[in-house]
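Mapping of the sequence shown onto my numbering: position 92 corresponds to residue 803, and the numbering continues sequentially without gaps. Encoded as structure tokens, the structure appears first; notes follow it.
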Amino acid sequence: MKPDWLFGAAFLLVGLGFFGSVGREPPWTWWLVWPGISFLIVAVAYLRVSSRPFGKRSDGARSAIATGLLLPYLALARTVWELQTRLWRESPWNAIGESLIVARRLRASEFPDRAAAILDLTAELCDPDRIRRHPGYRCLPILDANGIDPVVLVQSVLRIPPSSEGRILIHCANGHGRAALVSAAWLLAHGFAGSSADALGQLRAARPAIFLRRRQRWILDQAATILRRLEVYGDAVLRRLALCLGAAVAGREFETGILLLDAGSMIGPILKAGEHAGISGRFSAKVEDEFGTAIPVEWLASCEKDAGLSVREFLDACVPLLDADSANRLARRDCAGDHRR
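And the structure:
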């Protein structure tokens, strides 16, 4: 994705401003090195469009090193959040039908009943321990006012199916931008909305303050395009495998979506094409990252000789190759009662 120059430049200027004040009278100005470093790290995160510098792990906790380096910024973000949520009389969460809840970051006392799964999108904040201990808790850190690669977005929402045991709760800091983006994609992925406009309309009807920046709307439109092309595969597992195959053929994640192969295309010529040398290893690695197991490269190589095998047939044949342990992990991860990866 393209760098977020607006936020990146703003945080860069703030960080440089702190450094510019170091060494002046009074002597304590040397302490300004700390917030200077903190804001420069945040600037790098926005310029790279990556939440990794925030050090937030999959369990929703933050690494000690990231906490120490970013503490001045994190303290500011938490203070702003506290003021916003106490002064702005907006509901902490809103239900969208019987399957979804879009929310801001919740205090433990605000957590709704019968939430089957939680998707935490904040990079700058951490949920209360009680919420992070929920068996359906997942963390997908996204920079404030930003988004993620459309392919990653599609993969993420396909991993969280609707549940008969409760609603899926998706939240960011204030429940207006990141939560709206991912919730809209979730509605599209699981057939609750027919278009991006329809999904956003449902969300705004329940939570009027929802607003997407231009780059977030672009990401949603790209995700909608990917999902439309994946409809031919039907089953969610096959859709996820198709994404892995498309990424392997492309050799990288596309900024404008992903190279998806038509279900009827012949897999042999695709695998044998010179420009896609190494696709077998890349596909196997992406499947391992997505499902917890790798498709044997030897089996993939044998497919190169079978020019009559369609992409759909190829993907169907891949499914049984997920070993029993991986299949069990996948079932546990995707069932209503336990969404841990």
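Just so it is clear, CB atoms sit at the ideal spot from N, CA and C, and this is done for glycine as well.
In the structure shown, what three-state DSSP assignment does T1004 receive?
Looking up residue 1004 in the sequence shown gives position 293. T1004 carries a coil assignment under DSSP once its states are collapsed to helix, strand and coil.
Which listed residue (L832, I990 and R950) has its alpha carbon closest to that of Q866
In the sequence shown, counting from the first residue as 1, residue 866 sits at position 155. That would be R950, whose Cα lies nearest to the Cα of Q866.
For the structure I just gave you, are there three or more beta carbon pairs, one from the segment 854 to 863 and one from the segment 809 to 824, closer than 8 Å?
Because the criterion of three Cβ pairs below 8 Å is not met, the segment 854 to 863 and the segment 809 to 824 do not touch.
Starting from the C-beta of R889, find all residues in its chain whose C-beta is less than 6 Å away, skip the five residues before and the five after it, and write them out in chain order.
The residue given as residue 889 occupies position 178 in the sequence shown. Excluding sequence neighbours, R889 sits near L832, I853 and C883.
I829 lies in the alpha helix (DSSP H); which residues open and close that run?
Numbered from 1 along the sequence shown, position 118 holds the residue referred to as residue 829. Unbroken run through I829 is the beta strand (DSSP E), A826 to T833; no alpha helix (DSSP H).
Could you name the residues of the same chain whose beta carbon sits closer than 6 Å to that of F965, not counting the 5 residues immediately before and after it, in chain order?
For the purposes of this step, residue 965 is taken as the residue at position 254 of the sequence shown. The pLDDT assigned to F965 is 49, lower than 50, so where the model puts this residue is not dependable, and the model offers no usable value.
What are the partner residues of M977, as DSSP defines its beta bridges?
The residue labelled residue 977 in the question sits at position 266 within the sequence shown. Partner(s): S1021.
To the nearest angstrom, report how far apart H1050 and H901 are at their CA atoms.
One-based indexing of the sequence shown puts residue 1050 at position 339. One-based indexing of the sequence shown puts residue 901 at position 190. Any reading at H1050 needs caution, since the residue's pLDDT is 39, under 50, leaving its predicted position unreliable; the model's value is listed next. Note on geometry: alpha-carbon atoms of H1050 and H901 lie some 16 Å from one another.
Best match in E1015, S995 and K1016 for proximity to V1030 [C-alpha to C-alpha]:
Start at 1 with the first residue of the sequence shown, and residue 1030 comes out as number 319. The shortest C-alpha separation from V1030 is found at S995.
Inter-stretch contact (C-beta, 8 Å, three-pair minimum) for the segment 765 to 784 and the segment 746 to 755:
Under the Cβ criterion (8 Å, minimum of three pairs), the segment 765 to 784 counts as touching the segment 746 to 755.
So I812 is in the beta strand (DSSP E); what residue range does that whole segment cover?
Locating residue 812 in the sequence shown gives position 101, counting from the first residue. L811 to A814 is the span of the beta strand (DSSP E), which, as asked, contains I812.
What does the alpha-carbon distance come out to for the pair R928 and G992?
Taking the sequence shown and counting its residues from 1, the one referred to as residue 928 is at position 217. Taking the sequence shown and counting its residues from 1, the one referred to as residue 992 is at position 281. Looking at the two C-alpha atoms, the distance is approximately 34 Å.
Are there three or more Cβ pairs, one per stretch, closer than 8 Å when the segment 936 to 955 is compared with the segment 910 to 928?
The segment 936 to 955 vs the segment 910 to 928: no contact.
Exposed or buried, what is G877 when buried is set at 16 or more other beta-carbons lying within 10 Å of its beta-carbon?
Position 166 of the sequence shown, counted from the first residue, corresponds to residue 877. It counts as buried.
I'd like to confirm the pairing. Which residues does DSSP put opposite S874 in its beta bridges?
One-based indexing of the sequence shown puts residue 874 at position 163. Listed as beta-bridge partners of S874 by DSSP are G877.
May I have the straight-line CA-CA distance separating R797 from I812, to the nearest angstrom?
Looking up residue 797 in the sequence shown gives position 86. Looking up residue 812 in the sequence shown gives position 101. So the two alpha carbons sit approximately 21 Å from each other.
Rounded to whole angstroms, how far is the Cβ of V1022 from the Cβ of I978, which I believe are closer than 8 Å?
The residue given as residue 1022 occupies position 311 in the sequence shown. The residue given as residue 978 occupies position 267 in the sequence shown. Rounded, the Cβ-Cβ distance is 5 Å, consistent with contact.
Check each candidate in R926, L954 and A934 and name the one with the smallest Cα separation from K713.
Against the sequence shown, residue 713 aligns to sequence position 2. The shortest C-alpha separation from K713 is found at R926.
Tell me which residues share the same chain as A959 and place their Cβ nearer than 6 Å to its Cβ, disregarding the 5 neighbours each side in the sequence.
Translated into positions along the sequence shown, residue 959 becomes position 248. If we look at A959 and ignore the five residues flanking it on each side, its Cβ neighbours are I990, R993, F994 and K997.
Figure out for me which residue from R841, D1027, A1012 and R924 has the closest Cα to the Cα of P980.
The residue you call residue 980 lines up with position 269 of the sequence shown. Among R841, D1027, A1012 and R924, the Cα nearest to that of P980 belongs to A1012.
Ordered along the chain, which non-local residues of its own chain (more than five positions away) have a Cβ less than 7 Å from that of L954?
For the purposes of this step, residue 954 is taken as residue 243 along the sequence shown, with counting starting at 1. A distance below 7 Å between beta-carbons, with the five flanking residues on each side excluded, links L954 to the following residues of its chain, in chain order: V862, V865, Q866 and I969.
Can you tell me whether W716 is buried or exposed? The criterion is at least 16 other CB atoms within 10 Å of its CB, across all chains shown.
On the sequence shown, residue 716 is found 5 positions in, with the first residue counted as 1. Classification of W716: exposed, given that the 10 Å Cβ count is below 16.
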